[in-house]
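The sequence shown maps to residues 7 to 190 in the numbering used here. Quick reminder that beta carbons are idealized off the backbone N, C-alpha and C, glycines included. For clarity, every value in this text was computed on a predicted model and none was experimentally measured.
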Amino acid sequence: MKRFWIVCATGMLLLAASCKGREKEVTEINTLEDRIDSILASSVPMGPDQRSMVDDLFSEYEEFIRNYPEDSMCAYYLFKSALILDYNREYAKEIEKLDQLATKYPESPYAPQALVAASKASMEYMHDKQAAVHYLQQIKEKYPDSPYAVNIDLQIQYVGDDDGLLRAIWAQNGNAPDSTGAGQ
């Protein structure tokens, strides 16, 4: 009986230590995010100090995801790390993060948004129409009721042709610019 209580006490201590470690990491991430959000939102080039803070934040995201892979915050942190990679113009790595998010956390509200972002990055930055269509097809199949699936067949048909997509949507809805007087 004594051994049972020792095992229980040890388990409780490990659980408490794990929770404190998680909370410490979340606090560190939140502090860095507060300092960096305005930097990422501006179009001003970053100096070495700001670049270092962004790199630190990316590392914190990675550490949290590695240490707590089942945590509900992982999908959010993957999405935020993809945004940093987009900002740094590391598009192939950005797509990897977005794909990882959609694959590992398909129930997350960030999953369909990640697929849209992966499609956009694939087409606009990597010039890979096939990959862009692949991500849009996943939205159609996995998230048909998502707001991102609106006009998904047209999005797939006109991937890479934004003007064609817009014209097709207008034609489908019967409200082309000529019929409303817009664009004249």
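Review point. Thinking C-beta only, is P118 closer than 9 Å to A88?
Key: Here residue 88 corresponds to residue number 82 of the sequence shown, with the count starting at 1. Here residue 118 corresponds to residue number 112 of the sequence shown, with the count starting at 1. Cβ distance not < 9 Å, so A88 and P118 don't count as in contact.
Check your understanding: In chain order, what residues of the same chain have a beta carbon less than 8 Å from the beta carbon of C14, not counting five sequence neighbours either side?
Key -> For the purposes of this step, residue 14 is taken as residue 8 along the sequence shown, with counting starting at 1. Residue placement at C14 cannot be trusted, given a pLDDT of 42 that sits under 50; the coordinates are not used to answer.
Check your understanding: If you draw a straight line from the C-alpha of L171 to the C-alpha of Q161, how long is it?
Key -> As a working mapping, residue 171 is identified with position 165 in the sequence shown. As a working mapping, residue 161 is identified with position 155 in the sequence shown. For L171 and Q161, the distance between alpha carbons rounds to 7 Å.
**Study point:** In chain order, each alpha helix (DSSP H) run of at least 4 residues that lies wholly inside the stretch 75 to 113
**Key:** 79 to 93, 97 to 110
Point to revise | Span of the alpha helix (DSSP H), counted from its first residue to its last, around D61 | key: Here residue 61 is taken as the residue at index 55 of the sequence shown, counted from 1. Its alpha helix (DSSP H) spans residues 54 to 73.
Point to revise | Straight-line Cα distance separating K110 from Q56 | key: On the sequence shown, residue 56 is found 50 positions in, with the first residue counted as 1. On the sequence shown, residue 110 is found 104 positions in, with the first residue counted as 1. Straight-line Cα distance between these residues: approximately 31 Å.
**Study point:** Run of the alpha helix (DSSP H) containing A1, from where it starts to where it stops
**Key:** Residue 1 lies beyond the stretch modelled for the chain, which goes from 7 to 190, so this question has no answer here.
Exercise for review: State yes or no: is the C-beta of M59 within less than 9 Å of the C-beta of L38?
Suggested key: As a first step, residue 59 is located in the sequence shown; it is residue number 53 there, counting from the start. As a first step, residue 38 is located in the sequence shown; it is residue number 32 there, counting from the start. In contact: M59 and L38 (Cβ atoms closer than 9 Å).
Review point. What's the gap between the Cα of S128 and the Cα of V50?
Key: Indexing the sequence shown from 1 puts residue 128 at position 122. Indexing the sequence shown from 1 puts residue 50 at position 44. Each residue's Cα considered, the two are about 26 Å apart.
Check your understanding: Which residues in the same chain have their Cβ closer than 8 Å to the Cβ of D77, if we skip the five residues on either side of it in sequence?
Key -> Residue numbering aside, residue 77 sits at position 71 when the sequence shown is read from its first letter. Answer for D77: R28, F70, listed in chain order.
Point to revise | Nearest neighbour of L63, chosen from N36, Y116, D159 [CA to CA] | key: The residue labelled residue 63 in the question sits at position 57 within the sequence shown. The shortest C-alpha separation from L63 is found at N36.
Practice item. To the nearest angstrom, report how far apart L20 and N73 are at their CA atoms. Key: Taking the sequence shown and counting its residues from 1, one reaches residue 20 at position 14. Taking the sequence shown and counting its residues from 1, one reaches residue 73 at position 67. Bear in mind that the predicted position of L20 carries a pLDDT of just 44, short of 50, making it unreliable; the figure below should be weighed with that in mind. Going from the Cα of L20 to the Cα of N73 covers about 14 Å.
Check your understanding: At which residues does the alpha helix (DSSP H) containing N179 begin and terminate?
Key -> Here residue 179 refers to the residue found at position 173 when the sequence shown is read from its first residue. From DSSP, the alpha helix (DSSP H) with N179 extends over 168 to 179.
**Study point:** Run of the alpha helix (DSSP H) containing V139, from where it starts to where it stops
**Key:** The count along the sequence shown starts at 1 and reaches residue 139 at position 133. Where V139 is concerned, the enclosing alpha helix (DSSP H) stretches over 135 to 148.
Practice item. Determine, using beta carbons only, whether L107 and A98 come nearer to each other than 9 Å. Key: On the sequence shown, residue 107 is found 101 positions in, with the first residue counted as 1. On the sequence shown, residue 98 is found 92 positions in, with the first residue counted as 1. Contact flag unset, no.
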